[in-house]
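Just so it is clear: in the sequence shown, position 65 is 186 by my numbering, and no numbers are missing. Beta carbons: idealized from backbone N, C-alpha and C, even for Gly. Have a look at the structure below, then the notes.
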Amino acid sequence: QVQLVESGGGLVQPGGSLRLSCAASGIIFTMYTMGWHRRAPGKQSELVAAFTSGGITNYVDSVKGRFTISRDNDKNTVYLQMNSLKFEDTAVYYCNADRRSPPRGNYWGQGTQVTVSS
Numbered sequence: 122q123v124q125l126v127e128s129g130g131g132l133v134q135p136g137g138s139l140r141l142s143c144a145a146s147g148i149i150f151t152m153y154t155m156g157w158h159r160r161a162p163g164k165q166s167e168l169v170a171a172f173t174s175g176g177i178t179n180y181v182d183s184v185k186g187r188f189t190i191s192r193d194n195d196k197n198t199v200y201l202q203m204n205s206l207k208f209e210d211t212a213v214y215y216c217n218a219d220r221r222s223p224p225r226g227n228y229w230g231q232g233t234q235v236t237v238s239s
């Protein structure tokens, strides 16, 4: 059974920092692109950051220079370090594991709330 368990969300003031973690089990972690998506109220879900199995990272423009995605393959965990948080970063953040080539798989965590408020 595949599980992605997120942690680290919470309430933070603008300019503050949070680190999200996502622990994966039930998959061969190194074979998957790990990503963080978010859904803000009234908005479509967007991919925030991804870290491919080959070591490539990419970010949505709005978080470049502020967020950093990393992965620890020994711990089967992916992280999202979020600095200089803004009101518009408020959203539910979801961890995703994705593999497009066989054996294919796409899995989601339960989500963790991040609220940026003064």
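For residue i, report the span of its beta strand (DSSP E) as first-last.
i, result
"Q202", "T198 to M203"
"S112", "With the chain represented from 122 up to 239, any question about residue 112 goes unanswered, as that position is not in the structure."
"M155", "T154 to R160"
"V169", "E167 to F172"
"T178", "T178 to Y180"
"K142", "It is worth fixing the name first, because residue 142 is Ser in this sequence and not Lys. Looking at the DSSP string, the run of the beta strand (DSSP E) that includes S142 is L139 to S146."
Can you find the residues in the same chain that come closer than 7 angstroms, C-beta to C-beta, to residue i, ignoring five residues on each side of it along the sequence?
i, result
"A212", "R159, R160, A161 and V235"
"Q165", "none"
"G230", "L125, V126, E127, C143, Y215 and C216"
CB-CB under 6 angstroms to residue i, same chain, minus the five flanking residues each way: which ones, in chain order?
i, result
"L206", "V133, G137 and V237"
"E209", "none"
Can you name the residues that DSSP bridges to residue i?
i, result
"F188", "M203"
"V133", "V237"
"D193", "T198"
Are the CB atoms of residue j and residue i within a distance shorter than 7 angstroms?
i, j, result
"M155", "A218", "yes"
"F188", "A171", "no"
"N197", "F150", "yes"
"L141", "G129", "yes"
Ordered along the chain, which non-local residues of its own chain (more than five positions away) have a Cβ less than 8 angstroms from that of residue i?
i, result
"G226", "V123, I148, Y153, A218, D219 and R220"
"S183", "E209"
**Asked** At which residue ranges does the stretch 207 to 239 contain complete beta strand (DSSP E) runs of 3 or more residues, listed in the order of the chain?
**Response** 212 to 220, 226 to 229 and 233 to 237
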